[in-house]
Amino acid sequence: MESCAVSPLYAAIDLGSNSFHMWIVREVAGSVHTLAKIKRKVRLAAGLNSQNELSQEAMQRGWECLSLFAERLQDIPAERIRIVGTAALRTAVNADDFLSRATAILNHPIDIIPGEEEARIIYQGVAHTSGGLGKRLVVDIGGASTEVIIGEGFEARALTSLKIGCVTWLEGYFKDRYLTAENFNAAIQAAKEAIAPIVEPYSDLSWEHCVGASGTVQALQEIMVAQGMDELITLSKLKRLQRQAMQYERLEDLDIEGLTLERALVFPSGLSILIALFETLKIQTMTLAGGALREGMVYDMMRRQMCHDDVRNRTISSLQYRFQIDSEHAVTVAETAMTLLDDCQPLWQTDDQTRSLLHASAMLHEIGTGIGFKQSGDHAAYLIQHLDLPGFTRAQKHLLGEVLRRYRDNLTSLPEQHALPAVNAVRILRLLRLAVILCHRRDSQHQPPARLSVDESQLTLELPQAWLAANPLTDTELHQEAHRQTDLGWPLHINLTR
4 MESCAVSPLY AAIDLGSNSF HMWIVREVAG SVHTLAKIKR KVRLAAGLNS
54 QNELSQEAMQ RGWECLSLFA ERLQDIPAER IRIVGTAALR TAVNADDFLS
104 RATAILNHPI DIIPGEEEAR IIYQGVAHTS GGLGKRLVVD IGGASTEVII
154 GEGFEARALT SLKIGCVTWL EGYFKDRYLT AENFNAAIQA AKEAIAPIVE
204 PYSDLSWEHC VGASGTVQAL QEIMVAQGMD ELITLSKLKR LQRQAMQYER
254 LEDLDIEGLT LERALVFPSG LSILIALFET LKIQTMTLAG GALREGMVYD
304 MMRRQMCHDD VRNRTISSLQ YRFQIDSEHA VTVAETAMTL LDDCQPLWQT
354 DDQTRSLLHA SAMLHEIGTG IGFKQSGDHA AYLIQHLDLP GFTRAQKHLL
404 GEVLRRYRDN LTSLPEQHAL PAVNAVRILR LLRLAVILCH RRDSQHQPPA
454 RLSVDESQLT LELPQAWLAA NPLTDTELHQ EAHRQTDLGW PLHINLTR
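Quick note: the sequence shown uses this note's numbering, first residue 4, plus one each step.
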């Protein structure tokens, strides 16, 4: 009997124009857990000559990489393996020479996918791993192509693959390795000309938020965070990074804080393409997607598509199963927290993001107790901040972790975070702590008839005097919590009603 039916393995291999990637995962409770990630800079696109022929050296680099991948594929059923080639192999006139040997090495067929199919799979990877409601613009800058997609939920509305990429733009506009204004301007202008045909149709479709799903966007975000900026990518920040790069004469001299050696060579070309996209499509802000091509390949293979599930809810359910969280109690705490938040409307004008993160914090607040009760908050913070959480950005994971670090007992101020306005982050923490106390009997039938009200400077929690007299532990904990919040500059008053 096949044992992997309980927890099947999947492998997705992306033969990209810049790098070859292999991602091996297993399915657990409707989510995927990474078991292995192997990446090699093959730079296939750099091996294309003016006649679009792949050089023998570039093909050899690819075959050597695939020999490493082949070992890990031996024990995975063929129907759970997918291998795709993208722009460089679409372009190469001698791609068959590479593919014949590559197929023999892997003992598995390789699918050279059209640009629109690549865009479709990328969008599925983003949709299955990134949160956010409404229409999204997705940008993925690869080595030899850039995919630009507009979609909503799991449905792509527009799919485009542009023939611009960080490797081909490196060879075309930074071949001399000089970081001059002339080279940057030429690269940006050429990218704008390639983007121009989609400007009108994409503008007509419109979008509400933008996500980047590529190594280029990830590298730029890592640089910004390392330099003390928040995770939102903006045109002004991109221009700032361009000015930093131009302080150095040549590519080999680049020493920008947060820029890895691995990414340095294609940094200026990828940055130029992204600047062109921001200026041409008038992008205001961009965040990093949770996944892209490989994730889309895996979810396509899984076939038990969860297209009608909210990505964050699916992540929460998977974590509750994995860490044996009492989901029934978590729902009670979440419902209580959301009711308290509703009580504070309209004076607390909170957005959907705040409501979603309050709900998530309540559903996961006990994730650390399975490791140890005494330091359960610290355990929870570590887990949340280090686990893969599809649907949550890095900044959101950081905030959730810091809220859960403080969900009970000692209360301290939240550290600097970039997921929400500071006032909304504080509100999540205050309401979660109150909800945990109000639900401590772990029985939805014994919930106290509490009501929260707010004025500009103070929260007031109203409870019947007779109920508190009959529940002295809750009474003590609530008054203790009122002192803790008030001492921190967040006034909270317990009002007894008859």
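Note that beta-carbon positions come from the ideal geometry of N, C-alpha and C, so glycine has one too. Quick caveat: nothing in here was measured; it's all calculated off a predicted structure.
Where residue i and residue j are concerned, what is the direct C-alpha to C-alpha distance, given to the nearest angstrom?
i: Q327; j: G373; result: 8 Å
i: A49; j: E60; result: 10 Å
i: T339; j: P418; result: 25 Å
i: G19; j: D345; result: 48 Å
i: V28; j: D17; result: 14 Å
i: V9; j: E30; result: Any reading at V9 must be qualified, since the residue scores a pLDDT of 49, below 50, and its modelled position is unreliable; the value itself is stated next. Approximately 9 Å between the Cα atoms of the pair.
i: M309; j: L491; result: Here M309 scores only 48 on pLDDT, less than 50, and its place in the model is too uncertain to base an answer on.
i: Y320; j: A199; result: Contrary to the premise, residue 320 reads as Ser rather than Tyr in this sequence. Near 43 Å, if we compare the C-alpha coordinates of A199 and S320.
i: E480; j: V35; result: 40 Å
i: D446; j: G394; result: 30 Å
i: R444; j: D313; result: 30 Å
i: H486; j: Q221; result: 43 Å
i: K242; j: K40; result: 32 Å
i: S456; j: H449; result: 22 Å
i: H482; j: I497; result: 7 Å
i: A363; j: M62; result: 47 Å
i: T500; j: D458; result: 18 Å
i: A90; j: S53; result: 15 Å
i: K285; j: I236; result: 13 Å
i: V142; j: T283; result: 13 Å
i: I278; j: G218; result: 15 Å
i: T163; j: E484; result: 54 Å
i: I147; j: N427; result: What sits at residue 147 in the sequence shown is Ala, not Ile. Going by the C-alpha atoms only, they are around 42 Å apart.
i: A197; j: A190; result: 11 Å
i: Q356; j: L423; result: 8 Å
i: T463; j: E369; result: 26 Å
i: E67; j: S379; result: 46 Å
i: S359; j: N316; result: 10 Å
i: A98; j: S416; result: 58 Å
i: T353; j: L136; result: 16 Å
What would DSSP say about residue i, mapped onto helix, strand or coil?
i: M62; result: helix
i: I115; result: strand
i: V151; result: strand
i: T415; result: coil
i: L435; result: helix
i: K166; result: coil
i: K178; result: coil
i: N316; result: helix
i: S34; result: strand
i: L18; result: strand
i: K40; result: strand
i: T339; result: helix
i: S53; result: coil
i: Y13; result: strand
i: R496; result: Note that residue 496 is His in the sequence shown here, rather than Arg. Correct three-state label for H496: strand.
i: R487; result: helix
i: A453; result: coil
i: L481; result: helix
i: L392; result: coil
i: G88; result: strand
i: T183; result: coil
i: E158; result: strand
i: L235; result: coil
i: R444; result: coil
i: R253; result: strand
i: L71; result: helix
i: L264; result: helix
With residue i as the anchor, note down where its alpha helix (DSSP H) starts and where it stops.
i: F23; result: Note, F23: premise wrong, no alpha helix (DSSP H); beta strand (DSSP E) at S22 to V31.
i: G299; result: L296 to M305
i: V45; result: Here V45 belongs to no alpha helix (DSSP H), and DSSP marks it neither H nor E.
i: V269; result: That residue, V269, is in no alpha helix (DSSP H); it is neither H nor E in DSSP.
i: L241; result: L238 to A248
i: H421; result: First-last for H421: undefined, no H or E at that position.
i: K285; result: Per DSSP, K285 belongs to no alpha helix (DSSP H) and is neither H nor E.
i: A398; result: R397 to R408
In terms of residue numbering, what span does the beta strand (DSSP E) encompassing residue i cover?
i: L466; result: L462 to P467
Between residue i and the ligand SAM, is the CB less than 8 Å from at least one heavy atom?
i: Y13; result: Absence of the ligand SAM is noted for the structure shown, with no ligands found whatsoever.
*Any beta strand (DSSP E) of 3 or more consecutive residues that is wholly inside the segment 347–379*: With a minimum length of 3 residues, there is no unbroken run of beta strand (DSSP E) contained wholly in the segment 347–379.
*Tell me, please, whether the segment 36–53 touches the segment 165–179 by the rule of three or more beta-carbon pairs shorter than 8 Å.*
yes
*Taking the runs of the beta strand (DSSP E) that are 3 residues or longer, which of them lie wholly in the segment 100–146?*
138–144
*Ranges of the beta strand (DSSP E) found wholly within the segment 204–231, counting only runs of at least 3*: 212–215, all fully within the segment 204–231.
*asked:* Assess contact between the segment 428–446 and the segment 403–414, defined as three or more Cβ pairs (one per stretch) separated by less than 8 Å. Is contact present?
replied: yes
*Three or more C-beta pairs below 8 Å linking the segment 126–136 and the segment 78–96*: no
_Segment contact flag, the segment 285–299 with the segment 117–128, C-beta cutoff 8 Å, min 3 pairs_ = yes
_With three or more C-beta pairs closer than 8 Å as the rule, is the segment 225–235 touching the segment 258–269?_
These segments touch.
*Give a yes or no on contact between the segment 70–79 and the segment 117–126, applying the rule of three or more CB pairs nearer than 8 Å.*
No, the segment 70–79 is not in contact with the segment 117–126.
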